Every structure is written in C-alpha cells, then in structure tokens.
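Okay, so here's the structure we're looking at.
There are 2 protein chains.
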Amino acid sequence: MPIEYSRPQGYNEARYGLSSRPEFRRPERSFTIRQLCVEFSVTPRALRFYEDKGLLFPARDGMNRVYSVRDRARLQLILRGKRVGFSLSEIREILDLYDETDGGAAQASRSLKKFRERIEALRQQRDDIDGAIQNLEEGCLRLERQLKESRPDLLPKAEAYDSVLRARLDGSTDTLVK
Amino acid sequence: MPIEYSRPQGYNEARYGLSSRPEFRRPERSFTIRQLCVEFSVTPRALRFYEDKGLLFPARDGMNRVYSVRDRARLQLILRGKRVGFSLSEIREILDLYDETDGGAAQASRSLKKFRERIEALRQQRDDIDGAIQNLEEGCLRLERQLKESRPDLLPKAEAYDSVLRARLDGSTDTLVK
DNA sequence: TATACCCCTTACGTAAACGTCAACGCAAGC
DNA sequence: GCTTGCGTTGACGTTTACGTAAGGGGTATA
C-alpha cells in the first residue's frame with residue numbers, strides 16, 4: 001500500500017478538506033500540498049521534486065507550502081507534459097518560455113521557434129499514436145475473426161460507450177496566460 | 179561523440195552495406211545488427227538489450243545475430259511503442275499477444291480485451307497531445323502578438339512546408355500478421 | 001497529555017533503459 | 001602479421017523520476 005489518500009476517521013474537513021464555503025473558493029483560493037495530491041493522484045514527494053527541479057515554486061506559510069491557482073495550472077501542464085512524453089527538464093524549459101514574457105524581442109523570437117518545434121514533434125507523435133492504434137485494431141480484427149470461428153460466445157460485446165464518452169469530456173480548460 | 183555511424187574509409191560495401199543486388203533483397207533478406215542500427219538510429223547495445231528483455235530473438239550465424247524481415251518489423255513496433263510512451267515490458271506484452279495465436283480461445287479473448295484497453299489508452303493520450311498542441315499554439319499566438327508590436331522584423335516566416343510533408347509521408351507499412 | 005493528523009528536510013534506495021568500458025574472436029586488406 | 005572493422009559477452013556506470021525511511025515539529029481532538 002503506497003500512501004493513504006482516503007479520509008481516515010477523525011479527518012477534519014474544515015481544516016484539511018476542500019472547503020465548500022464560497023468565500024474560500026475563488027478567485028484566489030489556495031491549496032495545500034495534500035489537496036493537490038488528492039486532486040491529481042500524485043504524491044507529496046512528486047510535488048516537492050518538481051519544486052526541486054524548478055517547475056513549481058509555491059509560496060510558503062511558515063514552513064508549509066501554499067499552492068496558488070496558478071501553481072495548480074502549472075501542475076496540470078506538468079502532468080500532461082509527462083503523459084505526452086516530455087521529460088521534466090523539457091517541461092521546465094517550456095514553462096520557462098511561458099514565463100519570461102520580458103526577455104526582450106530576441107528572446108521571444110527564440111521562444112516562438114522552440115514552441116513551433118515542440119508542436120511539430122507533437123504532431124508527429126500523434127501520427128505515431130494513430131499508427132499504433134491502427135496496428136492494435138488490426139490485431140483486434142484478427143482475434144475477433146479467430147474467436148468468431150472457434151468460440152463466438154466469448155466475443156465480448158461492444159463496451160459501454162458512455163464511460164468512454166465521459167473520459168473524453170473532462171477536457172481541462174487550464175491556461176497560463178496571465 | 180557517441181558512436182560512429184558514418185562509413186569510414188575502407189568501408190566494404192559488399193560485405194557490410196545494404197546490398198543492391200536484387201537476389202539479396204526480398205522476400206527473405208536478412209540484416210546484421212549494424213544494418214538495423216543504422217536504419218533506425220539505435221545502438222547495438224539497445225538491440226541486444228531488447229533481446230535480453232525478450233522483445234527480439236534473432237537467429238544466429240555462429241555467434242552473430244541475424245535479423246529477419248520479421249525481426250525488423252518487430253523492431254519498428256518496439257520503437258514506435260517507445261515513442262508513444264510504452265515501457266519495454268508493456269511492448270513485450272503486446273508483442274507476446276500478437277505471437278500467441280495458439281493460446282486457445284480463452285487466451286484470445288483476454289488478448290482482445292487487453293488490446294482494446296491499449297487502444298482506449300492511446301486515444302486518451304492522443305487527446306492529451308491535442309491539448310498540449312493547443313496550449314503551445316496559444317503560446318505561439320501570444321508571442322506573435324508580442325513580436326508584431328515590438329519587432330515585426332523578427333517574426334519568422336512560415337516553415338518550408340515540404341520538409342514537414344516529407345516527414346509525414348514515410349508512413350511505415352509494417353505488420354506482424356503472418 | 002496522548003494520538004492523530006498534517007507538514008518539513010535530509011538522505012539513501014530503486015527501476016528502467018540503456019551507455020560505456022574491457023576483453024575477446026573472425027575476416028579482409030596492406 | 002598487423003591493422004581495421006565487424007561481431008560477441010560480461011559487468012559496472014548513469015540518468016530520470018521519484019519511493020521510502022528517519023527524524024523533527026506544529027495543531028486539534030479525546
């Protein structure tokens with residue numbers, strides 16, 4: 001068992017939980033490390049690690065980290081960056097490019113070029129994924145043919161489509177534009 | 179300097195190079211480790227590593243590895259699998275699923291399910307990529323606006339489109355269907 | 001006051017995917 | 001017969017992205 005994320009007995013919602021009182025919600029709500037961890041299913045260690053590597057810099061309340069809405073958005077980008085295969089240092093570089101709005105025109109020009117490169121790489125990666133999907137679908141077809149001949153009863157029905165749909169619809173609307 | 183891939187002086191094309199004589203081309207041509215390494219820009223170490231991990235099993239000529247056309251196709255799948263974020267053990271699992279056509283109907287049914295799961299995961303990953311591309315494009319727009327105001331001369335022209343096209347058109351037509 | 005949560009830092013451990021020697025063998029060309 | 005280029009098998013090193021343990025502290029509830 002890695003880490004306890006569910007609320008144990010005696011859990012103090014008012015202190016640790018996501019407050020439901022509107023005055024603590026927006027526009028400038030902040031998060032404890034644990035809240036973000038629960039929300040994004042990562043460990044505190046990971047967040048501290050990202051901070052170590054310069055991808056996050058939450059404020060402090062005494063010793064404790066205090067994450068802003070913007071930190072949260074950064075974290076979302078970090079995690080998505082990871083999912084699409086960027087290394088942390090690459091992600092850091094990208095985040096830095098977003099940040100330094102004031103590096104001068106030359107800097108902005110270089111940033112633009114790097115962004116374009118990233119985009120092109122991602123497009124190719126998407127083609128890779130499409131190719132992989134095609135391969136796997138061919139494999140499925142083969143298996144289905146095979147099963148249809150030997151044991152048609154084992155052919156699974158089409159998946160419940162709404163679960164698929166739901167997974168697609170939670171499109172994140174995060175942005176770092178100030 | 180990592181490793182020398184270009185042909186040095188004294189390079190013996192007849193012995194080491196890709197033969198252009200048709201009788202050695204198809205349908206059952208074979209490859210040395212180096213030929214595959216050059217073709218796919220990987221190191222011999224990597225290929226041996228994949229073999230170690232059970233993803234490849236080339237034939238032998240004495241001590242030397244001899245890769246068949248089918249091994250080459252597997253390698254293509256391995257590399258693409260890596261590009262889309264699969265671990266080697268995941269790739270191995272998938273390749274195994276392709277292989278065991280004779281595991282019985284129950285096995286085939288399980289394989290089918292796993293394939294479907296992989297496909298769904300890839301679809302979500304593609305959505306991630308699309309999201310990342312959108313973010314980066316927004317970043318581009320911001321930078322372009324910024325540059326247009328300060329230094330329009332630094333705005334790079336649209337990239338030469340044919341290089342992009344060429345990169346897209348070398349779609350691999352590999353398959354593992356026997 | 002105990003314990004049950006939360007937080008912190010420091011530091012060593014780990015899995016994956018190779019890189020990088022070292023040390024050897026075999027064939028070809030000078 | 002030496003060098004060049006290819007191949008082989010260990011075996012240890014490296015990077016990334018954390019996991020995990022050790023040790024310490026703050027705050028609320030029983």
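Chain order of the listed sequences is A and B. For the first sequence, the working numbering gives the first residue as 1, with consecutive numbering after it. For the second sequence, the working numbering gives the first residue as 179, with consecutive numbering after it. Heads up, the beta-carbon is just placed ideally off N, CA and C, and yes, glycines get one too. Bear in mind the structure is a predicted one, so any value in this text is a computation, not a measurement.
Query raised in the report: If you measure from the beta carbon of SER262 of chain B to each beta carbon in chain A, is any gap under 8 Å?
Result: In the second sequence, the residue the question calls residue 262 of chain B occupies position 84. First, the residue type needs correcting, since residue 262 of chain B is Val and not Ser in the sequence shown. Judged by the 8 Å Cβ criterion, VAL262 of chain B is in contact with chain A.
Report task. Give a yes or no on whether the minimum CB-CB distance between ASP128 of chain A and chain B is below 8 Å. Result -> Residue numbering aside, residue 128 of chain A sits at position 128 when the first sequence is read from its first letter. So yes, ASP128 of chain A belongs to the interface.
Query - Within-8 Å CB hit, GLY259 of chain B to chain A - result: Against the second sequence, residue 259 of chain B aligns to sequence position 81. Closer than 8 Å to some Cβ of chain A, the Cβ of GLY259 of chain B qualifies, so yes.
Requested in this report: Would you check if the distance between the CB atom of ARG139 of chain A and the CB atom of PHE293 of chain B is smaller than 8 Å?
Outcome: Here residue 139 of chain A refers to the residue found at position 139 of the first sequence. Here residue 293 of chain B refers to the residue found at position 115 of the second sequence. Looking at the sequence itself, residue 139 of chain A is Gly, so the reference to Arg does not match. Taking the C-beta atoms as reference points, PHE293 of chain B is found nearer than 8 Å to GLY139 of chain A.
Requested in this report: Take GLY81 of chain A and list the residues in its own chain whose beta-carbon comes closer than 6 Å to its own, dropping the five residues that flank it on each side.
Outcome: Here residue 81 of chain A refers to the residue found at position 81 of the first sequence. Closer than 6 Å at the Cβ level, and outside the excluded window around GLY81 of chain A, lie ILE91.
Query raised in the report: How far does the beta strand (DSSP E) with ARG65 of chain A in it reach, from first residue to last?
Result: As a first step, residue 65 of chain A must be located in the first sequence, where it is residue number 65. 64-66 is the span of the beta strand (DSSP E), which, as asked, contains ARG65 of chain A.
Query raised in the report: Do you know how far the Cα of ARG252 of chain B is from the Cα of LEU233 of chain B?
Result: In the second sequence, residue 233 of chain B corresponds to position 55, counting from 1. In the second sequence, residue 252 of chain B corresponds to position 74, counting from 1. Spanning the two alpha carbons is a distance of roughly 8 Å.
Query raised in the report: Over what stretch of residues does the beta strand (DSSP E) that includes ARG60 of chain A continue unbroken?
Result: Within the first sequence, the letter at position 60 stands for residue 60 of chain A. Run containing ARG60 of chain A: 59-61, per the beta strand (DSSP E) assignment.
Query raised in the report: Where LEU77 of chain A and LEU95 of chain A are concerned, what is the direct C-alpha to C-alpha distance, given to the nearest angstrom?
Result: Locating residue 77 of chain A in the first sequence gives position 77, counting from the first residue. Locating residue 95 of chain A in the first sequence gives position 95, counting from the first residue. LEU95 of chain A has its alpha-carbon roughly 9 Å from the corresponding atom of LEU77 of chain A.
Query raised in the report: Anyone know if the C-beta pair for ILE119 of chain A and ILE311 of chain B falls short of 8 Å?
Result: Taking the first residue of the first sequence as position 1, residue 119 of chain A is located at position 119. Taking the first residue of the second sequence as position 1, residue 311 of chain B is located at position 133. Their beta carbons are under 8 Å apart, which means ILE119 of chain A touches ILE311 of chain B by this criterion.
Report task. Indicate whether at least one CB of chain A lies closer than 8 Å to the CB of ALA283 of chain B. Result -> Looking up residue 283 of chain B in the second sequence gives position 105. The beta carbon of ALA283 of chain B sits closer than 8 Å to some beta carbon of chain A.
**Report entry** Delimiting residues of the alpha helix (DSSP H) encompassing GLY309 of chain B
**Finding:** The sequence position of residue 309 of chain B within the second sequence is 131, counting from 1. Segment 282-328, the alpha helix (DSSP H) holding GLY309 of chain B.
Requested in this report: Consider the Cβ of ARG123 of chain A: report whether some Cβ of chain B lies at a distance smaller than 8 Å.
Outcome: Residue mapping note: residue 123 of chain A aligns to position 123 of the first sequence, counting from 1. Taking Cβ atoms only, chain B reaches closer than 8 Å to ARG123 of chain A, which makes this a yes.
Requested in this report: Taking all protein chains shown into account, decide if ALA286 of chain B is buried (16 or more other Cβ within 10 angstroms of its Cβ) or exposed.
Outcome: Indexing the second sequence from 1 puts residue 286 of chain B at position 108. Under this definition ALA286 of chain B is a buried residue.
Query raised in the report: Could you give the C-beta distance for GLU322 of chain B and LEU333 of chain B, rounded to a whole number, given that I count them as a contact under 8 Å?
Result: Working through the second sequence from its first residue, we reach residue 322 of chain B at position 144. Working through the second sequence from its first residue, we reach residue 333 of chain B at position 155. The Cβ separation is near 7 Å, so the contact holds.
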